[in-house]
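Below: one structure, written as structure tokens.
There are 2 protein chains.
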Amino acid sequence: MSATKTAIVLDDHPLVARGIANFLQSHCNFSTVKTVFSANDFWSALCDGEPPNLVLLDFWLPDGMALALLEPLKSKHPTIPVLVISADDDFIVQQKVQAAGAQGFINKQATPDIFMLAVSSLLKNKTWFKKSIYSQAPKELTVTAHELGLTARQGEVLALILLGLPNKRIAQTLSLSEQTVKEHVSGILSRLGVGNRIEAITKLRGKELLPKSYE
Amino acid sequence: MSATKTAIVLDDHPLVARGIANFLQSHCNFSTVKTVFSANDFWSALCDGEPPNLVLLDFWLPDGMALALLEPLKSKHPTIPVLVISADDDFIVQQKVQAAGAQGFINKQATPDIFMLAVSSLLKNKTWFKKSIYSQAPKELTVTAHELGLTARQGEVLALILLGLPNKRIAQTLSLSEQTVKEHVSGILSRLGVGNRIEAITKLRGKELLPKSYE
DNA sequence: CAAAACACCCAACCTTAGTAGGGTGCATGC
DNA sequence: GCATGCACCCTACTAAGGTTGGGTGTTTTG
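These protein sequence lines are chains A and B, in that order. Position 27 (the first sequence) corresponds to 27 in the numbering used here; numbering is contiguous. Position 1 (the second sequence) corresponds to 216 in the numbering used here; numbering is contiguous.
Here it is in structure tokens:
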């Protein structure tokens, strides 16, 4: 462990960023922690002086900026460990973050102890990710075709239904006859226990249908 | 202003709570700030010692606990000002909070300056609420029939369309003939620039149609 | 291996959605 | 007063949605 530890915290909530920065200094022995609130400020802070020992990244930046920012960061500075912090504990989010090259993922609701463990783990060039099944409070904002009892093909059709496409355009999109689409629709409707596609749409309102990542 | 200022911060995100507490101490001259992470801890902290000068409340507690907690708090301790903090800046949320008896409402993304102003305002027994129209990042999660260029009757029909009701049931609900409903639907569709009710539903997905409060 | 499940096709049929073209009554505003 | 807009009603029509009952292949599974 080096003599001085530095970090950059990127979070568009100033209070949260300050809280994290303060915690790093008081409990994790960081000497200087910069707080930035936008991607632009982040890049200028990164280029200003020595590269930091750790980057803290809020996942819920506007327009999914966190993931977009992760890739160029990892290509330019592959050695800096990045810990992504998220407000909700969706395992899908962690998968995306992990795939994008981050070293760790942690929830904002995590206790300070867990937070310290994650930080120290990353400083030792280790990773910090949940094991897969998460016990706490799944928000259930996403649904998979499988969970709804649908076949893969029915899932594709349902996704297009939820986009508001009529049968004819669904048929064109999937290179099917319109009749086949109708049959898939019938299967979907009976599975969901609704009478028509409009009820299906309103029933699934507010939820997101995940395309290929199931179970 | 009294000699010592105390506060209780209730937020189920420990880091956020710590950040707010730290900010209150360093920038708002608070002497002691307790951080609690659940409603139960909040009540015990409240009864333990002198009542605080300020309560900070995270709106997004599980199961809408914030509103449920606000009412008994205001009935038992009506003099303690409560500042509710929310992660998103929905004006509807502010209305609910205001109706529940809180003295202030502020967004987590607010800058520290705004945060200080809100806190000092509440300490002076004033309130802190947005004026109605929100200039920053209007999420536009709500729509009125008037904003869409619809008549009042068309607005009622559209509300039922968005619930997924077919024309026949809309006619029953509004005591109309099905044909009249169809005409209203036609008017709505041409106004919204869509071809059928399904496109209308998907176009307005994620938004809420306000019933009677317009402009 | 045989049955079941799936994906695809066709024809026929009924229901619902939406449009067009008629009409009435009532309010508002020039 | 008279035009305009709105709400309401009717018939008639076309297009789209959805069901039923056929049929053919492939894959999965007991």
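Cβ coordinates follow ideal geometry from the N, Cα and C atoms, glycine included.
**Item:** Cβ shell of Ile376 (chain B) (< 8 angstroms), same chain only, five flanking positions each side left out
**Value:** Indexing the second sequence from 1 puts residue 376 (chain B) at position 161. So the list reads Ile385, Val400, Ile403, Arg412, Ala415 and Ile416, once near-sequence residues are dropped.
**Asked** Going along the chain, which residues of the region 228-245 of chain B sit with their C-beta nearer than 7 angstroms to a C-beta in chain A?
**Response** His228, Pro229, Leu230, Val231, Arg233, Gly234, Ile235, Asn237 and Phe238
**Request:** Give the range of the beta strand (DSSP E) segment to which Phe320 (chain B) is assigned.
**Result:** The residue given as residue 320 (chain B) occupies position 105 in the second sequence. For Phe320 (chain B), the enclosing beta strand (DSSP E) covers residues Gly319 to Asn322.
**Asked** When Cβ atoms are compared, which residues of the region 314-341 of chain B fall closer than 8 angstroms to chain A?
**Response** Lys323, Gln324, Ala325, Thr326, Pro327 and Phe330
**Prompt:** Would the beta-carbon of Leu271 (chain B) fall within 8 angstroms of that of Ala315 (chain B)?
**Reply:** Along the second sequence, one-based indexing puts residue 271 (chain B) at 56. Along the second sequence, one-based indexing puts residue 315 (chain B) at 100. For Leu271 (chain B) and Ala315 (chain B), no; Cβs fall outside 8 angstroms.
**Item:** Glu393 (chain B) classed as buried or exposed, judged by whether at least 16 other C-beta atoms fall within 10 angstroms
**Value:** As a first step, residue 393 (chain B) is located in the second sequence; it is residue number 178 there, counting from the start. Flag for Glu393 (chain B) reads exposed.
**Request:** Please determine, among A:Leu54, A:Asn53, A:Pro78 and A:Leu83, the residue with the shortest C-alpha to C-alpha distance to Thr66 (chain A).
**Result:** Residue numbering aside, residue 66 (chain A) sits at position 66 when the first sequence is read from its first letter. Reading the sequence as shown, one finds Ala at residue 66 (chain A) and not Thr. Cα-wise, what sits closest to Ala66 (chain A) is A:Leu83.
**Message:** Suppose the cutoff is 8 angstroms on Cβ atoms and the five residues either side in sequence are ignored; what does the same chain contact list for Lys182 (chain A) look like?
**Reply:** Within the first sequence, the letter at position 182 stands for residue 182 (chain A). So the list reads Asn167, once near-sequence residues are dropped.
**Prompt:** Of all Cβ atoms in chain B, is any one closer than 8 angstroms to the Cβ of Ile201 (chain A)?
**Reply:** Here residue 201 (chain A) is taken as the residue at index 201 of the first sequence, counted from 1. Interface residue, yes.
**Item:** Lys108 (chain A) classed as buried or exposed, judged by whether at least 16 other C-beta atoms fall within 10 angstroms
**Value:** Indexing the first sequence from 1 puts residue 108 (chain A) at position 108. Lys108 (chain A) should be labelled buried.
**Request:** Provide the residue span of the beta strand (DSSP E) that contains Ser335 (chain B), from first to last.
**Result:** For the purposes of this step, residue 335 (chain B) is taken as residue 120 along the second sequence, with counting starting at 1. Counting along the chain, Ser335 (chain B) falls outside any beta strand (DSSP E), though it belongs to the alpha helix (DSSP H) covering Pro327 to Leu338.
**Asked** How would you call Glu50 (chain A), buried or exposed, if buried means at least 16 neighbouring beta carbons within 10 angstroms?
**Response** By 1-based counting over the first sequence, the position of residue 50 (chain A) is 50. Flag for Glu50 (chain A) reads exposed.
**Prompt:** Thinking C-beta only, is Val224 (chain B) closer than 8 angstroms to Thr250 (chain B)?
**Reply:** Your numbering for residue 250 (chain B) matches position 35 in the second sequence. Your numbering for residue 224 (chain B) matches position 9 in the second sequence. Contact flag set, yes.
**Message:** Please confirm whether Ile385 (chain B) has its beta-carbon closer than 8 angstroms to some beta-carbon of chain A.
**Reply:** As a first step, residue 385 (chain B) is located in the second sequence; it is residue number 170 there, counting from the start. Not an interface residue.
**Item:** Cβ neighbour criterion (16 or more within 10 Å) applied to His361 (chain B)
**Value:** Along the second sequence, one-based indexing puts residue 361 (chain B) at 146. His361 (chain B) is exposed by the Cβ-count criterion.
**Request:** Measure how close the beta-carbons of Leu122 (chain A) and Leu24 (chain A) come, nearest whole angstrom, since I'm counting them as under 8 angstroms.
**Result:** Stepping through the first sequence from its first residue, residue 122 (chain A) is reached at position 122. Stepping through the first sequence from its first residue, residue 24 (chain A) is reached at position 24. Rounded, the Cβ-Cβ distance is 12 angstroms, inconsistent with contact.
**Message:** Is Gly379 (chain B) close to chain A? Criterion is C-beta to C-beta, closer than 8 angstroms.
**Reply:** Indexing the second sequence from 1 puts residue 379 (chain B) at position 164. With respect to chain A, the C-beta atom of Gly379 (chain B) has a partner C-beta closer than 8 angstroms.
**Request:** Indicate, with yes or no, if the ligand COA has a heavy atom lying under 7 angstroms from the CB of Thr4 (chain A).
**Result:** As for the ligand COA, it is missing from this structure, which has no ligand bound.
**Request:** Given a cut-off of 8 angstroms, decide if Val231 (chain B) and Val119 (chain A) are closer than it, judged by their beta-carbon atoms.
**Result:** Stepping through the first sequence from its first residue, residue 119 (chain A) is reached at position 119. Stepping through the second sequence from its first residue, residue 231 (chain B) is reached at position 16. No, the pair does not count as a contact, with Cβ atoms beyond the cut-off.
**Rounded C-alpha distance that separates Val372 (chain B) from Lys203 (chain A)** = Counting from one through the second sequence, the residue named residue 372 (chain B) turns up at place 157. Counting from one through the first sequence, the residue named residue 203 (chain A) turns up at place 203. The straight-line gap from Cα to Cα measures roughly 19 angstroms.
**Request:** Using the Cα positions of Gly164 (chain A) and Gly195 (chain A), report the straight-line distance between them to the nearest angstrom.
**Result:** Within the first sequence, residue 164 (chain A) is the residue found at index 164, counting from 1. Within the first sequence, residue 195 (chain A) is the residue found at index 195, counting from 1. Straight-line Cα distance between these residues: approximately 16 angstroms.
**Asked** To which residues does DSSP link Ala17 (chain A) through a beta bridge?
**Response** For the purposes of this step, residue 17 (chain A) is identified with residue 17 of the first sequence, where counting begins at 1. None; Ala17 (chain A) has no bridge partner.
**Asked** Helix, strand or coil: how does DSSP classify Glu414 (chain B) here?
**Response** On the second sequence, position 199 is the one that residue 414 (chain B) refers to. Glu414 (chain B) falls in the helix class under three-state DSSP.
**Prompt:** If we cut at 8 angstroms on Cβ distances, does Arg205 (chain A) have a partner in chain B?
**Reply:** By 1-based counting over the first sequence, the position of residue 205 (chain A) is 205. Yes, contact with chain B.
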